[in-house]
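Visitor: Below is a structure I'd like to ask you about.
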Amino acid sequence: MPVRVVLPADPLLGTEQQEIVARLWKRRQTVTGWVFLVGLPSYRDLKDGSVEAAEYRVWVRAPDHVRPVDGVDYDQVVTEKLERSAQAVVREVLGERRPSGWVLAKLRDGRGPARSVLHAPDCEEAPAGAPLLDVDRALDAATLCRAAQELTPLFRGFDHIADSAPDDS
4 MPVRVVLPAD PLLGTEQQEI VARLWKRRQT VTGWVFLVGL PSYRDLKDGS VEAAEYRVWV
64 RAPDHVRPVD GVDYDQVVTE KLERSAQAVV REVLGERRPS GWVLAKLRDG RGPARSVLHA
124 PDCEEAPAGA PLLDVDRALD AATLCRAAQE LTPLFRGFDH IADSAPDDS
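Numbering (the working numbering), first residue to last: 4 to 172.
The following block contains the structure:
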């Protein structure tokens with residue numbers, strides 16, 4: 004398939020950026036974008052001293068160095084797509100994930116002991132620069148209002164309750 008390849012300008016030689024028609028062999032999706040394997044027309048020297056037409060193959064970045072030729076259908080070009088990770092599929096379905104963890108904001112309203120509020124890290128009321136807390140540290144902070152006692156079974160299961168039950172024997 005024909006494709007236009009953008010050749011760089013060379014100020015030392017006084018040449019400007021040019022486009023030439025090359026052959027498109029393959030396209031590959033990478034984590035940083037698409038690259039195309041193109042065959043540029045070239046020449047090579049033969050052992051007998053003569054010269055023959057040849058092709059120089061090189062990977063070039065699209066769309067910076069490759070342009071389509073009008074009217075050409077590229078559907079038949081060998082295409083290697085990047086495998087989508089499970090995380091990418093989840094992100095596509097659910098959207099971007101919120102940052103995990105919590106941050107603690109201390110409230111001092113002058114009416115008794117200091118209270119605290121747990122915020123999601125991306126909450127606009129979360130204090131800037133506050134350290135990120137994991138679930139255990141967040142539950143420890145929540146003990147100010149006894150929430151940890153209510154939430155612990157949800158995170159750790161109910162096994163510890165059975166282990167501490169009185170022995171009926």
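Built from N, CA and C at the ideal position, the CB exists for glycine as well.
Starting from Lys109, trace the beta strand (DSSP E) in both directions and tell me its first and last residue.
Guide: Indexing the sequence shown from 1 puts residue 109 at position 106. Here the beta strand (DSSP E) through Lys109 covers Val106 to Leu110.
Visitor: Pull up the distance between the alpha-carbon of Leu49 and that of Tyr59, whole angstroms please.
Guide: Mapped onto the sequence shown, residue 49 falls at position 46. Mapped onto the sequence shown, residue 59 falls at position 56. When rounded, the distance between both Cα atoms is 15 Å.
Visitor: Opposite Thr82 in the DSSP bridges: which residues?
Guide: Position 79 of the sequence shown, counted from the first residue, corresponds to residue 82. According to DSSP, which records beta bridges pairwise, Thr82 is partnered with Arg30.
Visitor: Which class does Asp76 belong to by DSSP, given the choice of helix, strand or coil?
Guide: Residue numbering aside, residue 76 sits at position 73 when the sequence shown is read from its first letter. Coil.
Visitor: Which residues in the same chain have their Cβ closer than 7 Å to the Cβ of His68, if we skip the five residues on either side of it in sequence?
Guide: On the sequence shown, residue 68 is found 65 positions in, with the first residue counted as 1. Hits under 7 Å: Val8 and Val9.
Visitor: For Leu15, count neighbouring C-beta atoms within 10 Å of its own C-beta (all shown protein chains included) and say buried if the count is 16 or more, exposed if not.
Guide: The residue labelled residue 15 in the question sits at position 12 within the sequence shown. Leu15 should be labelled exposed.
Visitor: Can you look up Leu43 in the DSSP assignment and give me helix, strand or coil?
Guide: Counting from 1 along the sequence shown, the entry for residue 43 is found at position 40. Strand.
Visitor: Check the DSSP bridge columns for Glu55 and list the partner residues they point to.
Guide: Looking up residue 55 in the sequence shown gives position 52. Beta-bridge pairing links Glu55 to Arg47.
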